[in-house]
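Residue numbers (the numbering used here), protein chains in the order written: chain A, 69 to 305; chain B, 69 to 305.
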DNA sequence: TTATTATTATGAACCACGTCACAGTTTTTC
DNA sequence: GAAAAACTGTGACGTGGTTCATAATAATAA
């Protein structure tokens, strides 16, 4: 069984399929059936799951861990497009036709994924049309995120861009804390820079500025304590 | 009948549904049935089809004409996200749940649209699951476009951004011409600037530069003759 | 056509971000 | 826990894009 391939206790088929929204319309029996079609794979931090231009044969569902999806521009920059976490998927472009991956995907930490082969997925969609609708919803959310990102990238002031990312991360990775919101950053300063199209130095400087203004507090390199959310939101306006 | 509402000869139900890819899996009888659910509407240049934040009850399919979809940023800038032409649709976010429109849409010229009401569309998807798959494909294309746009916006040089738009427009609106590719611009200089996050002046200057380099020739304000496509492509690298 | 309006081109000055360099700090590894 | 490696902060400087102002041109109306 695949269970043994993975080994972790979280990652048996039932849970694996249950935690993904695209299968949320299926009942338990159906989920088990889907589970039989799934393969598992593990990656270490820094491992590439797929390279831009490569064609993959599977839909990839993140079961544990975190990855970044990015394009490498001709001038060598890395433009990060998405950060996928548990329950997110990618590879949907390949499912219906034969497309090359529009981006590379790299593990930001130890990551476990579920794989469904293209051909299996096509059968699945025919049997359970609701899956297509769910994917549609998920794609719409992704469009929302990109549209918002584009708006951010076009922002006149760099201050607004940095503030915007911090707020985004606060939403996604923030936890309550007596003094404010504690954010575990998924990216380094350089990663953040590549996410919003700036340089590492500029991000550093702006974050220092925000700290000196008492808006946030940097805790080591990987955490931020957001003290004054309202002030950040004003920065965007 | 709705035919009379519209009045144009292109825009009878059959053609209206036939020219849209999301209905391409349907046969003629089915298309006629869909046609009965459709309403028509016309807009003049400058008219707003929908405002950001408004919730619409329909999927809107462009039947004739051209529109721009944009967000108005808090600092007053207008970030253009899409230019929709014949066969494109918008309003898909509202179909399944009750979402507000993520952007405003304004007619760039006389524009005729087909409207399908949310409730009708939901029934349609249940009867013809392939429609969801088609929409999925279309959404994937839109993701491609946005991902590419984000990469462009992050580009170090402004030259690359301007070159990138001109190439995009050449693909979409270019016609063969003895000297190169004749492009009918859908946007003014200011519009182009709002599309790639620059100022009107910078776009002007860069285009003048490209003209002086013999890469293109500006014909009035609304046309460009692209003389050296290869040189433009090199600009992006 | 001419008059009017809208759009575009271009110059000059400013300043913010990128670049380069290096010191300081955090994180990882053994 | 110490050493190595990776990452971050910050100063100085130059460049290029924005801003503001104005002239020139194109599109539209009369």
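C-beta atoms are modelled at their ideal positions from N, C-alpha and C, and glycine is treated no differently.
Rounded to whole angstroms, what's the CA-CA distance from residue i to residue j? Just pull it up for me.
i: residue 202 of chain A; j: residue 89 of chain A; result: 7 Å
i: residue 74 of chain A; j: residue 181 of chain A; result: In this predicted model, residue 74 of chain A has a pLDDT of only 38, less than 50, meaning its place in the structure is not dependable; the value taken from the coordinates is given anyway. If you take the alpha carbons of residue 74 of chain A and residue 181 of chain A, they lie about 9 Å apart.
i: residue 192 of chain A; j: residue 178 of chain A; result: 29 Å
i: residue 154 of chain A; j: residue 300 of chain B; result: 41 Å
i: residue 289 of chain A; j: residue 256 of chain A; result: 7 Å
i: residue 216 of chain B; j: residue 139 of chain A; result: 9 Å
i: residue 117 of chain B; j: residue 228 of chain B; result: 32 Å
i: residue 221 of chain A; j: residue 243 of chain A; result: 26 Å
i: residue 287 of chain A; j: residue 183 of chain A; result: 36 Å
i: residue 93 of chain A; j: residue 198 of chain A; result: 7 Å
i: residue 123 of chain B; j: residue 169 of chain B; result: 6 Å
i: residue 314 of chain A; j: residue 156 of chain A; result: Examination of residue 314 of chain A is not possible in this model, given that chain A is present from 69 through 305 alone.
i: residue 164 of chain A; j: residue 240 of chain A; result: 30 Å
i: residue 129 of chain B; j: residue 234 of chain A; result: 37 Å
i: residue 189 of chain A; j: residue 158 of chain A; result: 13 Å
i: residue 187 of chain A; j: residue 204 of chain B; result: 17 Å
i: residue 149 of chain B; j: residue 97 of chain A; result: 43 Å
i: residue 69 of chain A; j: residue 101 of chain A; result: The pLDDT assigned to residue 69 of chain A is 35, lower than 50, so where the model puts this residue is not dependable; a value taken from the coordinates is nonetheless given after this. Rounded to the nearest angstrom, the two C-alpha atoms are 14 Å apart.
i: residue 208 of chain A; j: residue 280 of chain B; result: 43 Å
i: residue 263 of chain A; j: residue 160 of chain A; result: 22 Å
i: residue 218 of chain A; j: residue 147 of chain B; result: 8 Å
Determine the burial state of residue i: buried for a count of at least 16 other Cβ atoms within 10 Å of its Cβ, exposed for fewer.
i: residue 278 of chain A; result: buried
i: residue 131 of chain A; result: buried
i: residue 225 of chain A; result: exposed
i: residue 108 of chain A; result: buried
i: residue 195 of chain A; result: exposed
i: residue 174 of chain A; result: buried
i: residue 303 of chain B; result: buried
i: residue 79 of chain B; result: With a pLDDT of 46 at residue 79 of chain B, under the threshold of 50, the predicted position of this residue should be treated as unreliable, and no value is reported.
i: residue 113 of chain B; result: exposed
i: residue 274 of chain B; result: buried
i: residue 232 of chain A; result: buried
i: residue 144 of chain B; result: exposed
i: residue 135 of chain B; result: buried
i: residue 95 of chain B; result: exposed
i: residue 282 of chain B; result: exposed
i: residue 81 of chain A; result: With a pLDDT of 48 at residue 81 of chain A, under the threshold of 50, the predicted position of this residue should be treated as unreliable, though the coordinate-derived value follows. Per the 10 Å Cβ criterion, buried.
i: residue 246 of chain A; result: exposed
Give the residues of chain A in contact with residue i, contact being defined as C-beta atoms less than 7 Å apart.
i: residue 246 of chain B; result: Per Cβ cutoff of 7 Å: no residues; residue 246 of chain B is ~31 Å from chain A at best.
i: residue 119 of chain B; result: Neighbours of residue 119 of chain B on chain A: none; closest Cβ ~15 Å, over 7 Å.
i: residue 242 of chain B; result: In chain order: nothing, as chain A lies at least about 22 Å away.
i: residue 219 of chain B; result: 139, 141 and 147
Quick one: list the residues of chain A neighbouring residue i, beta-carbon separation under 8 Å, in chain order.
i: residue 304 of chain B; result: 142
i: residue 205 of chain B; result: 164 and 165
Which stretch, first to last residue, makes up the alpha helix (DSSP H) that contains residue i?
i: residue 300 of chain A; result: 297-304
i: residue 277 of chain B; result: 268-280
i: residue 257 of chain B; result: 257-264
Starting from the beta carbon of residue i, find every residue of chain B whose beta carbon is closer than 8 Å, and list them in chain order.
i: residue 212 of chain A; result: 161 and 170
i: residue 201 of chain A; result: 164, 193 and 200
i: residue 215 of chain A; result: 139, 149, 170, 171 and 214
Going along chain A in order, which residues have a C-beta closer than 9 Å to the C-beta of residue i?
i: residue 230 of chain B; result: Neighbours of residue 230 of chain B on chain A: none; closest Cβ ~14 Å, over 9 Å.
i: residue 136 of chain B; result: Correct list: empty, because the minimum Cβ distance to chain A is about 13 Å.
Starting from residue i and walking both ways along the beta strand (DSSP E), at which residues does that stretch end?
i: residue 285 of chain A; result: 284-287
i: residue 183 of chain A; result: 179-185
i: residue 293 of chain A; result: 291-294
Kindly list, in the order they appear in chain B, the residues whose Cβ is closer than 7 Å to that of residue i.
i: residue 224 of chain A; result: 143 and 145
i: residue 265 of chain A; result: 221 and 222
i: residue 182 of chain A; result: Chain B residues near residue 182 of chain A: none, gap ~20 Å exceeds 7 Å.
i: residue 84 of chain A; result: Within 7 Å Cβ-Cβ: nothing; residue 84 of chain A doesn't reach chain B, min ~22 Å.
Name, please, each residue of chain B whose Cβ falls closer than 9 Å to the Cβ of residue i.
i: residue 197 of chain A; result: 193, 194, 197, 198, 200 and 201
- Item | Secondary structure, beta strand (DSSP E): runs of 3+ residues fully inside the segment 89-172 of chain B | 106-111, 116-118, 126-132, 135-140 and 146-152
- For the segment 214-249 of chain A, list the alpha helix (DSSP H) runs that are entirely contained and at least 4 residues long, ordered along the chain. Runs found: 226-241.
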